[in-house]
DNA sequence: CATCACCGGTGATAATAGTCACGAAATGAT
DNA sequence: ATCATTTCGTGACTATTATCACCGGTGATG
């Protein structure tokens, strides 16, 4: 626990010293195992969360259980949804699940609000978080609205490559299909095409990215 | 101009009196004709905008000119994009077009920031704007990801019905097709189905909503 | 009234994606 | 070693959506 708090300046370089101090005094560390659901659609939000370590996937889920992957949250980032809902005591509109073992700092809603006026660097951090997530949502809309599944799959792989900082994507076709709201068979065929083009190498339960076109 | 400023308390009932006063002192009214483009993708944002009268449609556009309608802005609402980009001097990621003759109040970026600390009611207004638009984006994603074109068309009609507060939607099939990134023929066939179900009545250049299922 | 721009209907066809059915190979547990 | 589970490939079929071609109707304009 103490260790985690010492990482804060490095994780949040934009934060002013007194904010870091209050954060480590009042924030509470919570840990999740890989696969744990951190936030559920419809769930009441009582905290704002800052990611300390691990990786969180944020996705949309409809009544029938269909999913659509939206973005990852990395260490040093915050959950925009938990901030946005914070001020109005709203419920979450998205699902969040730990992809790896993950630690977050939770901050009571009242403080989140108080700090906006108290710490300029917190204010900028929150706004930048909004801006970034808003942008991600727009990119997501772009892809679903304008792109075919093959391009969306490429986008998905690239997103994971960046997020996980590795060329090895340890996800089964079934899971990928779920996150793109498609079906395993479709992903299988599209992956084969990518493989034929020499962009990926296929393995059991993981995909190796050989070369991905920038755009 | 003076008239417009007198409407402010009614338009923004949440604003405190001194904020209203400063708003009418420093805000500048700008007018747009129906059809005018108010904001363009990639354009630099220098102002935050509050809608006073008229109606604005906000939509996404890709390189090839394909569109996707996202939401309307009504009097009393603000453009979340212009607020979000404000703090970072970013460029717009969406298009905004006046649907009817429209008046907005523009506020310099510096004030927008200043007021966040100065006026609690402004702070809440901005956050509520973020929250609302964020939610709209999520709904949009839901529909593109999980629904077929027939349901998206219904959703589109309902959105317009609410926004325009009328059962007469004065939009040609060609335009609807554009806003849903589909094609005229598809919309034509789907409309016919809706008409057969007794939900709408079709006319030249407009659609009359007879009954729309709530969900 | 002739012409032109726009609006909409419709059949035929194509492209994309989803579903079903089946099987083979790899992995893990007992 | 055997068996169940997971993972993936694939052919056949269906559903949805997009595209093409062509038509008729409407209304504004000169």
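Residue numbers (the numbering used here), protein chains in the order written: chain A, 1 to 215; chain B, 1001 to 1215.
In this text, a Cβ means the ideal position worked out from N, Cα and C, and glycines have one as well.
All values derive from a computational prediction rather than experimental measurement.
Whole-angstrom C-beta distance between residue j and residue i, which should lie under 8 Å
i: residue 1144(B); j: residue 1096(B); result: Actually they are not in contact, since the Cβ atoms of residue 1144(B) and residue 1096(B) sit about 20 Å apart, beyond 8 Å.
i: residue 1169(B); j: residue 1206(B); result: 6 Å
i: residue 1211(B); j: residue 1202(B); result: Contact flag wrong, Cβ pair sits at about 14 Å.
i: residue 1037(B); j: residue 1105(B); result: So it is not a contact: roughly 19 Å between Cβ atoms.
i: residue 1041(B); j: residue 1094(B); result: 6 Å
i: residue 1016(B); j: residue 1092(B); result: Rounded, the Cβ-Cβ distance is 29 Å, inconsistent with contact.
i: residue 1128(B); j: residue 88(A); result: 7 Å
i: residue 1051(B); j: residue 1102(B); result: 7 Å
i: residue 1138(B); j: residue 184(A); result: Not quite, the Cβ-Cβ distance comes to about 26 Å (not below 8 Å), so this is no contact.
i: residue 1136(B); j: residue 1071(B); result: 5 Å
i: residue 165(A); j: residue 98(A); result: 17 Å between Cβ atoms; not a contact.
i: residue 146(A); j: residue 1148(B); result: About 17 Å separates the two Cβ atoms, so there is no contact after all.
i: residue 121(A); j: residue 23(A); result: Contact doesn't hold; Cβ gap of about 11 Å is too wide.
Any C-beta of chain A under 7 Å from that of residue i
i: residue 1044(B); result: no
i: residue 1096(B); result: no
i: residue 1084(B); result: yes
i: residue 1073(B); result: no
i: residue 1104(B); result: no
i: residue 1204(B); result: no
i: residue 1153(B); result: no
i: residue 1138(B); result: yes
C-beta neighbour in chain B for residue i, strict 7 Å
i: residue 14(A); result: no
i: residue 268(A); result: Since the first residue of chain A shown is 1 and the last is 215, residue 268(A) is not available in this structure.
i: residue 117(A); result: yes
i: residue 190(A); result: no
i: residue 10(A); result: no
i: residue 1(A); result: Its pLDDT being 49, under 50, residue 1(A) is placed unreliably in this model, and the coordinates cannot settle the point.
Closer than 9 Å at the beta carbon, the chain B residues around residue i
i: residue 168(A); result: The contacting residues do not exist; residue 168(A) stays about 27 Å from chain B at best.
Cross-chain neighbours of residue i in chain B, by beta carbon under 8 Å
i: residue 91(A); result: Under the 8 Å cutoff, chain B gives no residues; its nearest Cβ is about 11 Å from residue 91(A).
Contact list for residue i against chain A, beta-carbon separation under 9 Å
i: residue 1109(B); result: The contacting residues do not exist; residue 1109(B) stays about 12 Å from chain A at best.
i: residue 1019(B); result: Per Cβ cutoff of 9 Å: no residues; residue 1019(B) is ~15 Å from chain A at best.
Per-residue contacts from residue i into chain B (C-beta, under 7 Å)
i: residue 68(A); result: 1141 and 1145
Per-residue contacts from residue i into chain A (C-beta, under 7 Å)
i: residue 1135(B); result: 93
Interface partners of residue i on chain A, CB under 8 Å
i: residue 1131(B); result: 84, 85, 87, 88 and 90
Residue i CB to nearest heavy atom of the ligand NAP below 6 Å
i: residue 110(A); result: This structure does not include the ligand NAP; it has no bound ligands of any sort.
Could you pull out every unbroken alpha helix (DSSP H) segment of at least 4 residues lying fully inside the stretch 62–138 of chain A, listed in chain order? Counting only runs of 4 or more, we get 80–86 and 109–118.
Give me the subset of the stretch 37–62 of chain A whose CB atoms are less than 8 Å from a CB atom of chain B, sorted by chain position. Interface annotation for the stretch 37–62 of chain A against chain B: 60 and 62, criterion Cβ-Cβ distance under 8 Å.
Members of the stretch 1167–1188 of chain B near chain A, C-beta cut-off 7 Å: Those would be 1181, in chain order.
Please give the ranges of any alpha helix (DSSP H) in the stretch 9–47 of chain A, keeping only runs that are unbroken, at least 4 residues long and fully inside the region. Correct list: 17–26.
Taking only runs that begin and end inside the stretch 1158–1213 of chain B, name each unbroken beta strand (DSSP E) of 3 or more residues, in chain order. Listed in chain order, they are 1200–1202 and 1207–1209.
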